[in-house]
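Asker:
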Amino acid sequence: MHCFNHPQTAAIGTCKCCNRGLCTDCASDLGHGLACRDRHEAQVEAMNMIIEKNARIYAAAPKNILIGPVFFLLLGLLFAGFGYFSSGGITDLPFLMGLAFIIFAIVSYVRSRALFREEP
Ligand SMILES: [Zn+2]
Ligand SMILES: [Zn+2]
């Protein structure tokens, strides 16, 4: 591959914005990637910021996986406890609903764990 502006010069990389080949004279190294000097520096900088932001959100996700399951677990315990103590026992509808919520909480917890298992 050769530089887009200098066909005789070998390119050291491509612009993250327009994917054109860039030589050392034309490339601007922004730390995370190359950009056309004086042309796409601002765009590539913005792209890097978005990518970095997404990476941070994704990294934080495994810490949030408990919120949903815990909510359903508490709801399930509430229903099950209410059904068990105040009405007809474990065959009554509130208890069975509570049981369903608890099962749903466990299933969603296991599923989100599997989803983020590859993360460090
Ligand atoms: Zn460019
Ligand atoms: Zn060049």
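Residue numbers (full-length UniProt numbering): 1 to 120.
All residues carry an ideal CB built from backbone N, CA and C; glycine is no exception.
(1) Is asparagine 54 near ligand 2, going by C-beta to nearest heavy atom under 8 Å?
(2) Write down the C-beta distance between leucine 22 and alanine 11 rounded to the nearest angstrom, noting that I regard them as a contact closer than 8 Å.
(3) CB-CB under 6 Å to glycine 68, same chain, minus the five flanking residues each way: which ones, in chain order?
(4) Would you tell me roughly how many angstroms separate the C-alpha atoms of methionine 1 and glutamate 45, rounded to the nearest one?
(5) Can you give me the C-alpha to C-alpha distance between threonine 91 and glutamate 52, rounded to a whole angstrom?
Answerer: Concretely, from the data shown:
(1) The residue labelled residue 54 in the question sits at position 54 within the sequence shown. Flag unset: Cβ of asparagine 54 not near ligand 2.
(2) Numbered from 1 along the sequence shown, position 22 holds the residue referred to as residue 22. Numbered from 1 along the sequence shown, position 11 holds the residue referred to as residue 11. Indeed they touch by this definition, with Cβ atoms about 6 Å apart.
(3) Position 68 of the sequence shown, counted from the start, is the residue given in the question as residue 68. If we look at glycine 68 and ignore the five residues flanking it on each side, its Cβ neighbours are Ser108.
(4) The residue you call residue 1 lines up with position 1 of the sequence shown. The residue you call residue 45 lines up with position 45 of the sequence shown. Cα to Cα, the separation comes out at about 24 Å.
(5) Position 91 of the sequence shown holds residue 91. Position 52 of the sequence shown holds residue 52. Distance between the alpha carbons of threonine 91 and glutamate 52: 52 Å.
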